[in-house]
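One structure is given below, encoded as structure tokens.
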Amino acid sequence: MPPPAWPPHAGCSSPWRPVRDGRHMPRAGIRGLMAGLRGGSAMRIALLLLLLSAALAGCRALPDPAEGATFVLVRHAEKAADHPQDPGLAPAGQRRARRLASALGRHPVVAVYATPLRRAQATALPIARAHGLAVTPYDTANPADFAGRLRAMHDAGTVVVVGHSNTVPAIAQALCDCAIGPIAETEYGRRITLHVRPDGRVTVDDRREP
């Protein structure tokens with residue numbers, strides 16, 4: 002019987018540990034590797050250490066709800082002129098998307114949301130791939146409702162939301178219950194980070210990057 006599927010971001014508390022090829026190693030197997038290190042030959046010890054390293058490589062701690070949740074909201078990156086209604090990203094936008102993924106590389110990202118439009122999906126995809134996630138589409142018709150669902154679903158970790166100049170401020174305002182300035186049509190470097198503590202207090206970091 003194959004091992005149970007590894008849930009996204011289940012972390013080290015699970016009875017199964019991921020390895021790089023997608024299979025899983027139970028705790029008992031790891032304990033067996035540790036026991037095998039005692040009294041073995043140099044070759045055997047080296048092999049066991051290699052297997053142990055592979056078994057632990059994918060292990061990461063669960064985000065702690067006691068630390069609250071962080072919501073990172075961005076507008077899609079620079080759009081191309083390849084389609085009048087649903088353009089993709091221009092080369093500059095593709096570079097920006099990669100930079101954003103790199104900037105969030107060490108964050109405990111647990112979910113990535115983007116509108117169904119190509120430019121938003123293309124901005125979100127590098128972030129999602131970097132964390133082994135899929136991009137979840139969302140509807141922008143009711144920003145307050147979407148913000149409420151975000152807060153209800155995520156009490157820990159970092160959640161990335163990619164939207165548009167006319168939707169990101171509204172979602173941010175609903176998340177923090179505070180004033181957020183508009184995003185100009187020519188502005189692509191805005192990043193709004195909201196840290197929601199367990200007691201409901203919200204810290205806002207609203208920055209503009211080149």
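Anchor point for the sequence shown: position 9 equals 10 in our numbering, and the numbering is continuous, going up by one each time. Beta carbons: idealized from backbone N, C-alpha and C, even for Gly. Since this is a predicted model, take the numbers as computed values, not measurements.
Residue i burial status per 10 Å Cβ neighbour count (16 or more: buried)
{"i": "G94", "result": "buried"}
{"i": "C177", "result": "buried"}
{"i": "H84", "result": "exposed"}
{"i": "R202", "result": "exposed"}
{"i": "T137", "result": "exposed"}
{"i": "A112", "result": "buried"}
{"i": "G106", "result": "exposed"}
{"i": "E79", "result": "buried"}
{"i": "P127", "result": "buried"}
{"i": "G164", "result": "buried"}
{"i": "P144", "result": "buried"}
Own chain, CB closer than 7 Å to residue i, minus 5 neighbours either side, in chain order
{"i": "A148", "result": "I172, A175, L176"}
{"i": "G190", "result": "R209, E210, P211"}
{"i": "P92", "result": "none"}
Sequence-distant residues of the same chain with beta carbon closer than 6 Å to residue i, five excluded per side
{"i": "F72", "result": "V160, L176, L195"}
{"i": "G23", "result": "Here G23 scores only 38 on pLDDT, less than 50, and its place in the model should not be relied on; the value that follows carries that caveat. Excluding residues within five positions, none has a Cβ falling inside 6 Å."}
{"i": "R97", "result": "A78"}
{"i": "V162", "result": "L74, Y114"}
{"i": "I181", "result": "P170, A173, Q174"}
For residue j and residue i, the rounded distance between their alpha carbons
{"i": "I184", "j": "H77", "result": "11 Å"}
{"i": "P168", "j": "Y139", "result": "Checking the displayed sequence, the identity of residue 168 turns out to be Thr instead of Pro. One C-alpha to the other measures close to 12 Å."}
{"i": "A135", "j": "Q122", "result": "10 Å"}
{"i": "A114", "j": "P199", "result": "Reading the sequence as shown, one finds Tyr at residue 114 and not Ala. Approximately 22 Å, taken between the alpha carbons."}
{"i": "L63", "j": "A157", "result": "9 Å"}
{"i": "V197", "j": "V110", "result": "15 Å"}
{"i": "A58", "j": "Q86", "result": "Confidence in A58 is poor, its pLDDT being 47 and thus under 50, which makes the residue's placement too unreliable to answer from."}
Top-ranked residue by Cα proximity to residue i, from the options
{"i": "A142", "options": "V197, P117, R107", "result": "P117"}
{"i": "P170", "options": "R45, D206, I193, R150", "result": "I193"}
{"i": "L151", "options": "G69, H165, L63", "result": "G69"}
{"i": "A131", "options": "A67, D65, V163, A102", "result": "A102"}
{"i": "C179", "options": "H155, D206, G89", "result": "D206"}
{"i": "H108", "options": "A129, M154, P88, S166", "result": "A129"}
{"i": "R100", "options": "R45, G133, V110, A125", "result": "A125"}
Heavy atom of the ligand ATP within 7 Å of residue i beta-carbon
{"i": "A81", "result": "The model depicted lacks the ligand ATP and carries no ligand whatsoever."}
Same chain, Cβ closer than 8 Å to residue i, five either side skipped, listed in chain order
{"i": "G89", "result": "K80, A81, D83, R119, R120, A123"}
{"i": "E186", "result": "S166"}
> In the region 81–149, which residue ranges form an unbroken beta strand (DSSP E) of at least 3 residues, counting only runs that do not cross its ends?
Replying inline: 110–115, 136–138
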